[in-house]
Amino acid sequence: MSKRKQQYSDRPSDYLGPRYWPTWIGYGCIWLIAHLPYRLQIWLGKRLGHLMYYLAKSRRRVCARNIELCFPELSPEQQRKLVIDTFKSNGAGIMEIGLAWCRKPSDFSHMVEETGLENLIAAHQEGRGVLLVAAHFCTIEFVGSLMSLLYPVDITYRAHKNPLFDALMKRGRKRLYGAVVERKEVRAALRRLKEGNVLWYAADQDYGPKHSIFADFFGIPAASITATTKFAGFNNSRVVFMSHYRKEDNSGYHLYFSEPLEHYPTGNDVQDVARINGYIEAAIRKAPDQYIWLHRRFKTRPPGEPDLYKKRS
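What follows is the structure, given as structure tokens:
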């Protein structure tokens with residue numbers, strides 16, 4: 024049992040003290056907004072994102088640097104527009120969190136389309152478990168809700184430092200998924216695969232050099248986690264890549280499922296990680312503004328390489 028589980032309760036009702044009142048107020052606002060008309064919520068979210076473009080200077084700088092690094096073919100004006108569009112899309116993603124946690128997935132069944140779901144189903148029927156690899160698009164939370172309408176999956180997640188927010192997050196997610204596994208609970212995740220379940224795993228964040236190797240991402244060496252290869256190799260589980268997008272006209276969402284990856288893992292971690300990065304990069308290029316560019320994807324550098332986010336004079 025992890026230290027976190029020993030210290031904190033998963034019941035939101037256990038956090039009623041004054042120190043948690045701001046979180047309760049924030050959650051109350053999320054709940055109220057979640058019951059507004061969908062298109063109004065997305066409109067409000069994009070306006071919020073545009074406002075944050077001007078207010079969140081450090082995040083704006085990180086986002087601009089990521090886009091400068093990954094899309095050098097764009098002109099400065101095009102890069103700036105993509106930064107603004109990214110903030111707008113991520114603002115809409117904030118609104119979608121409320122939809123995922125506070126509304127029934129069936130309320131939005133008319134808004135989901137899929138391509139390739141049969142690939143996931145066929146892989147699952149082999150009985151070895153399926154690692155459903157994805158990336159951190161701003162639609163990730165709400166798409167999880169829609170995914171529950173299509174096929175049962177388990178997820179991994181990163182615990183939040185605020186125990187009330189973490190409890191609310193887990194409550195919102197547990198009603199959608201078969202299991203909600205904290206990312207550090209590796210044995211629990213492996214157990215779900217061994218039992219033949221589908222485990223949704225986002226494989227695109229920089230967790231530092233200890234659990235990563237360097238592989239190209241948009242042509243730049245990026246610290247890339249090797250957990251994907253380890254999970255897949257544990258039970259010879261199948262690997263399917265999923266991407267998902269909010270439609271440009273805000274009429275719904277489209278989920279894409281690849282065919283199962285053949286000859287994966289190969290035993291060559293660099294080659295395997297680069298292959299996953301290639302899938303993620305291709306998915307991002309379809310709708311680059313919907314990716315969460317606000318985190319420092321290239322924070323960890325190979326020995327001797329400079330900090331890519333250092334302020335330039």
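When you read off a place in the sequence shown, starting at 1, and then add 23, the result is the number in the working numbering. Where is the CB? At the ideal position from N, CA and C, for every residue including glycine.
Report yes or no: is there a C-beta of chain B within less than 7 Å of the C-beta of residue i?
i	result
ASP239	Among the chains in the structure shown there is no chain B, since it carries only a single protein chain.
Among the options, which has the Cα closest to the Cα of residue i?
i	options	result
ALA226	PHE257, ALA157 and PRO311	ALA157
TYR77	GLN101, PRO45 and LYS111	LYS111
CYS161	ILE120, ARG126 and GLY195	ILE120
MET170	GLU136, PRO329 and ASP295	GLU136
ILE178	PRO186, ASN185, GLY150 and LYS207	LYS207
LYS253	ASP292, TYR268, PRO244 and TYR279	ASP292
LEU284	GLU328, ASP295, GLY275 and LEU278	ASP295
GLY242	ARG194, ASN89 and ILE48	ASN89
PHE264	MET134, ASN142 and SER132	ASN142
ARG320	ALA146, SER274 and ARG82	ARG82
TRP316	GLY139, THR138 and ASN113	ASN113
TYR287	ASN258, HIS267, ARG126 and HIS277	ASN258
ASP239	ARG214, TRP223, HIS267 and ARG298	ARG298
TRP47	ARG324, PRO186 and GLU218	PRO186
THR138	PRO128, ALA246, LEU105 and LEU173	LEU173
GLY167	ARG269, ALA212 and GLY219	ARG269
VAL106	TYR314, LYS322, THR323 and LEU331	TYR314
LYS127	PHE165, LEU39, ASN273 and ASP37	PHE165
HIS147	ILE56, VAL176 and GLU328	VAL176
GLY152	ALA212, THR323 and SER266	ALA212
TRP66	THR289, GLU271 and ASP330	GLU271
ILE163	ARG42, GLY40 and HIS277	HIS277
ARG261	TRP223, LEU63 and ASN273	TRP223
TRP124	LEU97, ALA182, GLU149 and ILE53	ILE53
ARG335	PRO232, ARG42, ARG84 and SER36	ARG84
LYS104	ASP312, HIS318, LEU331 and THR323	ASP312
ARG214	GLY327, GLN101 and ALA255	ALA255
GLY275	SER132, LEU97 and TYR50	SER132
GLU149	LEU331, GLY40 and ASN220	ASN220
So the beta strand (DSSP E) residue i belongs to, where does it begin and stop?
i	result
ARG298	No beta strand (DSSP E) contains ARG298, which is instead part of the alpha helix (DSSP H) from 292–309.
SER247	243–248
MET265	261–269
TYR279	276–280
GLY65	One detail in the question is off: residue 65 reads as Ile in this sequence, not Gly. From DSSP, ILE65 is part of no beta strand (DSSP E) but of the alpha helix (DSSP H) over 61–78.
PHE237	235–240
LEU154	153–157
Provide the residue span of the alpha helix (DSSP H) that contains residue i, from first to last.
i	result
HIS147	140–147
ALA115	99–125
GLU205	From DSSP, GLU205 is part of no alpha helix (DSSP H) but of the beta strand (DSSP E) over 203–205.
ALA57	44–57
ALA212	209–217
ARG198	Where ARG198 is concerned, there is no enclosing alpha helix (DSSP H), given that its DSSP letter is neither H nor E.
Grouping DSSP H, G and I as helix and E and B as strand, with all else coil, what is residue i?
i	result
SER25	Low confidence applies to SER25: its pLDDT is 45, below 50, so where it sits in the model is not reliable enough to give any reading.
ARG34	coil
LEU331	coil
GLU164	helix
GLY40	coil
GLU136	strand
THR252	helix
PHE94	coil
ALA182	coil
VAL229	Looking at the sequence shown, residue 229 is not Val but Asp. Correct three-state label for ASP229: coil.
ARG324	coil
PRO128	helix
LEU191	helix
GLY169	Residue identity check: residue 169 is Leu in the sequence provided, not Gly. DSSP places LEU169 in helix when its eight states are reduced to three.
ASN89	helix
ASP312	helix
ARG82	helix
Identify the residues that DSSP records as bridge partners of residue i: which are they?
i	result
LEU317	In the DSSP output, where bridge partners are listed per residue, LEU317 has none listed.
ASP177	LEU222
Inter-stretch contact (C-beta, 8 Å, three-pair minimum) for the stretch 58–76 and the stretch 297–311 | Look at the beta carbons and you see the stretch 58–76 not touching the stretch 297–311: under three pairs across the two are nearer than 8 Å.
Would you call the stretch 186–197 and the stretch 32–51 touching, i.e. three or more CB-CB distances under 8 Å?
-> With a cut-off of 8 Å, the stretch 32–51 and the stretch 186–197 count as touching, because enough Cβ pairs lie within range.
Is there contact here, the stretch 197–204 with the stretch 139–158, by at least three beta-carbon pairs under 8 Å?
-> Taking a contact to require three or more Cβ pairs closer than 8 Å, the stretch 197–204 and the stretch 139–158 do not qualify as touching.
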